[in-house]
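The structure under discussion appears below in the form of structure tokens.
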Amino acid sequence: MFAGRYVWWLVTTSALFLISLVGFDYVASVIVGISDCASNEGSCYTLNNWLMGVIKPVLVDVSGVALVLVVVIRILYLRFLPLWIVPVLAWAGAVAGTFRAYAPMWHGNADYVLLGQQMPPSTYAFLALALFLAFPLEDEDAPEQGGAAPIGLLAGFMAFMCTLHAFATASGLPMLIAKTFHAFDLSRTIATIREILATFLLVADGNPIPGYFVTILFALALALRVLRHERLVSGQL
């Protein structure tokens, strides 16, 4: 998927995700308003619950998965190391629970600044990588030459650190594994590892600052990579 098509799909899937998460509230209100549910006592309540509690979460899930797939396809197209798919999936999984919790809520009078502040750092790590991939990186003939290797290693290391923070703060992961796969021993092992890692990364008390710090460093590494790419393409390197 070349850059232009990637940008188109990125914007489309992002818009669908935001519309599903925020705008569907108004769509549900219109559907309830134009329906004849008022003729049957309690029908409007049932219809609204079905739209907000069933349809909306499904739309959020489908559009979110589509957004992640677009990023993964772009990574494969650029022939990046397949290991880059691991942090993408880890970050998406880390924020999925947060968005699923927000999905059934009414967003008509929501404070989006406050919601943005409550988003896990993994949200912004995913966003930084998605925006980085929007640049036409495929027109760089020799990305391994010059200063790309150290910058790429730095970006990869910071992505690894962001992934560790996502795992350390995923308190619901052990329970999810236990419920989904009935692997209770594995669930307990993961819970123990997560607690040790959370203590080591200074996030055991729920402090998000270390996570935001490594996310900022990751974004800066990607920005350096873009600047070097632009200089290489323009013939300055």
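Counted from 1, the sequence shown has number 115 at position 134 by my numbering; the numbering is strictly sequential. Positions of the beta carbon are idealized from the N, C-alpha and C atoms, including for glycine. Being a predicted model, the structure only gives us computed values, none of them experimental.
ask   = Of the choices L154, G78, L110, E119, whose alpha-carbon is the least far from that of V69?
value = Numbered from 1 along the sequence shown, position 88 holds the residue referred to as residue 69. Of the listed residues, the one whose Cα sits closest to V69 is L110.
ask   = With burial defined as no fewer than 16 other Cβ atoms inside 10 Å of the residue's Cβ, what is the status of R169: buried or exposed?
value = In the sequence shown, the residue the question calls residue 169 occupies position 188. With fewer than 16 other Cβ atoms within 10 Å, it is exposed.
ask   = Run through DSSP, which three-state label would P155 get?
value = As a first step, residue 155 is located in the sequence shown; it is residue number 174 there, counting from the start. The answer is helix: DSSP assigns P155 an H, G or I state.
ask   = For R(-14), is the classification buried or exposed, using 16 other Cβ atoms within 10 angstroms of its Cβ as the cut-off for buried?
value = Translated into the one-based positions of the sequence shown, residue -14 becomes position 5. So R(-14) counts as exposed.
ask   = Out of curiosity, what's the CA-to-CA distance linking F162 and L182?
value = Locating residue 162 in the sequence shown gives position 181, where the first residue counts as 1. Locating residue 182 in the sequence shown gives position 201, where the first residue counts as 1. Rounded to the nearest angstrom, the two C-alpha atoms are 28 Å apart.
ask   = Hey, quick one: how far does the alpha helix (DSSP H) through P102 stretch, first residue to last?
value = Walking along the sequence shown from the start, residue 102 turns up at place 121. That run of the alpha helix (DSSP H) goes 102 to 113.
query = Contact between the region 23 to 36 and the region 54 to 70: three or more CB pairs below 8 Å?
reply = With the cut-off at 8 Å, the region 23 to 36 and the region 54 to 70 do not touch.
request  = Classify I171 as buried or exposed, calling it buried when 16 or more other Cβ atoms lie within 10 Å of its own Cβ.
outcome  = Here residue 171 refers to the residue found at position 190 when the sequence shown is read from its first residue. Classification of I171: buried, given that the 10 Å Cβ count is 16 or more.
ask   = In the structure shown, what three-state DSSP assignment does V184 receive?
value = Indexing the sequence shown from 1 puts residue 184 at position 203. Note: V184 maps to coil in three-state DSSP.
request  = For Q126, count neighbouring Cβ atoms within 10 angstroms of its own Cβ and tell me buried if that reaches 16, exposed if not.
outcome  = Looking up residue 126 in the sequence shown gives position 145. Per-residue confidence for Q126 stands at a pLDDT of 48, beneath the threshold of 50, marking its modelled position as unreliable; the derived number appears in the next sentence. Burial call: exposed.
ask   = Exposed or buried, which one is W(-11) when buried takes at least 16 other CB atoms within 10 Å?
value = Numbered from 1 along the sequence shown, position 8 holds the residue referred to as residue -11. Label assigned to W(-11): exposed.
task = State the DSSP-derived secondary structure class of M142, mapped to helix, strand or coil.
result = If you number the sequence shown from 1, residue 142 lands on position 161. Residue state, collapsed to three classes: helix.
query = From this set, A47, C25, A202, S1, which residue's C-alpha is nearest L40's C-alpha?
reply = Counting from 1 along the sequence shown, the entry for residue 40 is found at position 59. Ranked by how close their Cα comes to the Cα of L40, the residues A47, C25, A202, S1 have S1 in first place.
ask   = With 16 as the cutoff for other CB atoms within 10 Å, does M156 come out buried or exposed?
value = Indexing the sequence shown from 1 puts residue 156 at position 175. The residue is exposed, with fewer than 16 neighbouring Cβ atoms inside 10 Å.
inquiry  = Measuring straight from C-alpha to C-alpha, what distance separates P102 and C143?
reply    = In the sequence shown, counting from the first residue as 1, residue 102 sits at position 121. In the sequence shown, counting from the first residue as 1, residue 143 sits at position 162. Roughly 8 Å separates the two Cα atoms.
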